[in-house]
Every structure is written in C-alpha cells, then in structure tokens.
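Its first residue numbered 1267, the sequence shown is counted upward by one per residue in this note's numbering. Report on the following structure.
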Amino acid sequence: MSDPQEVYELIGKHRVVPVVSEADVDRAMGLTDALVAGGLPIAEMTLRKPGAIEALRAVGRRDDVLAIAGTVINAQQVEAAVDAGAKMIVSPGFSPSVVERAQQLGVPICPGVCTPSELQAALAAGVDVLKFFPAGAAGGVGMLKALSAPFPQARFMPTGGVSADNLLDYLKLDAVIACGGSWMVSPKLYEDGAFDRVEQAVREAVTLAASH
1267 MSDPQEVYEL IGKHRVVPVV SEADVDRAMG LTDALVAGGL PIAEMTLRKP
1317 GAIEALRAVG RRDDVLAIAG TVINAQQVEA AVDAGAKMIV SPGFSPSVVE
1367 RAQQLGVPIC PGVCTPSELQ AALAAGVDVL KFFPAGAAGG VGMLKALSAP
1417 FPQARFMPTG GVSADNLLDY LKLDAVIACG GSWMVSPKLY EDGAFDRVEQ
1467 AVREAVTLAA SH
C-alpha cells in the first residue's frame, strides 16, 4: 500500500512529474538514474507500449525513486501496475472502475479530467487530486482557472502540452500541485544511449520549478 499523503507531499515538493514512455528496461533504468542524479526522483512510467509493464517493474524495485504508473485505462492494468511496484496510478481519463480498483488496493489514483462533469464525478468518487489532461489542447491555464473556480477542494496536475516555456504559468496557480511533462526525458535526448543530456535537462527543470 502507498500512503497518499506521503506520495503527494513528495510530488508537491518537486512540482514536476517526468512522464516516461520507455518500454526498454535498460533505457528505463538509465533514464531513472538521470532523474535521480538530476534531483527529480519521480518517474511516471506510461503503459502505452508493449513491454512497458516490465520497465515499470524494474523502476518499481528501486527505493530511490517514486514509481508511478501512467496511462492506466482499466482495472486489470491497475492490478498489474501495483504488482509491478507502482506507488501511484495515473489515468488519462476518469473511469469509475479504475478509481475503485485503485482505492481497493490502497494506492493513490489521479484520474484525468478536462470538463466540469468529469471533475464533479471524480470528486463524488472521493478523488480530489486530478490530472488536467490534455492541458494544452483543453484550454491551458485559462481553462484550468475556470475549471478550478467552482471546485476549490480540487488540486491538479496539468499534463499534455506542458513545457519549460509554460511550466511556471501553471505552477503559479494555487490549485496546481505539480505538472507532468516529458520534455526532460524526450527520446531525442538519449537516442545515442547516453543520458547526460537527460540529466542536464532534469537539472534545468528542477531549477525552473524551484524559481516559482
């Protein structure tokens, strides 16, 4: 089981959640090493590609990083992710079955919302930390301000279209606990198999987030 308070405190401390789409175990471990070395010991491992669960399992065994399972879209994936060591579940949308299974297993769940109806449904299900997704396409900072106004109890992790250029615009909002982003772990940075550029990008992201 995962203590939601401890998980969200760690995320809130760092303000950035790296979104990693890497199914190769060795590369996933290299990326995680770079995240830890760069001062950002959090990895949202998306389950978008075949074999991604094994990459999550490798990261989930580590005790120096918070392993999060991302792109979880059904209850079976919740079970597989928790079995692989995920300490938190992130879903691109709101699914009652996903939320219910995560709650049954005692792991924090952060479902995606981008409309008032989805947000209201999530709150009714007992979830108040939500992924605003896809943030950029759904209206960005302006939409999030409008969405959060009637629901002051909700906190958000905007993801999708978040970059170094607009990170602080989101982090300035009181309702935002952290932002999810992939720019610092882009495959282009390590296509040669070296992760020093990832570490540098992570350090820059950490410094930027801390500047707010």
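We put the beta carbon where it would ideally sit given N, CA and C, even for glycine.
Need the endpoints of the alpha helix (DSSP H) that Met1295 sits in, please. First-last of the alpha helix (DSSP H) with Met1295: Val1291 to Ala1303.
Exposed or buried, what is Arg1281 when buried is set at 16 or more other beta-carbons lying within 10 Å of its beta-carbon? Flag for Arg1281 reads buried.
Kindly indicate which three-state DSSP category Leu1332 falls into: helix, strand or coil? In the structure shown, Leu1332 sits in a strand (DSSP, three-state: E or B).
What is the rounded straight-line gap between the Cα of Val1417 and the Cα of Ile1319? Note that residue 1417 is Phe in the sequence shown here, rather than Val. Roughly 34 Å separates the two Cα atoms.
Here's the rule I'm using: 16 or more other beta-carbon atoms within 10 Å means buried, otherwise exposed. How should Gln1419 be labelled? A residue is called buried when at least 16 other Cβ atoms come within 10 angstroms of its Cβ; Gln1419 does not meet this threshold and is exposed.
Which of the three DSSP states, helix, strand or coil, is assigned to Val1273? Val1273 falls in the helix class under three-state DSSP.
When you compare each of Cys1376, Gly1359, Ala1333 and Ser1363 to Ser1350 by their alpha carbons, which one comes out closest? Strictly speaking, residue 1350 in this sequence is Ala, with Ser absent from that position. Minimum Cα distance to Ala1350 is reached at Ala1333.
At a cut of 8 Å, does the stretch 1419 to 1439 reach the stretch 1456 to 1463 through at least three beta carbon pairs? No: fewer than three Cβ pairs fall under 8 Å.
Going by the beta-carbon positions, is the gap between Val1338 and Ala1347 smaller than 7 Å? A contact, by the Cβ cut-off of 7 Å.
Take Pro1270 as the anchor and find which of Ser1357, Arg1328 and Ala1368 has the nearest alpha-carbon. Residue Ala1368 holds the alpha-carbon nearest to the alpha-carbon of Pro1270 among Ser1357, Arg1328 and Ala1368.
Just the C-alpha distance for Val1364 and Val1344, rounded to the nearest angstrom, thanks. Taking the straight line joining both Cα atoms gives about 7 Å.
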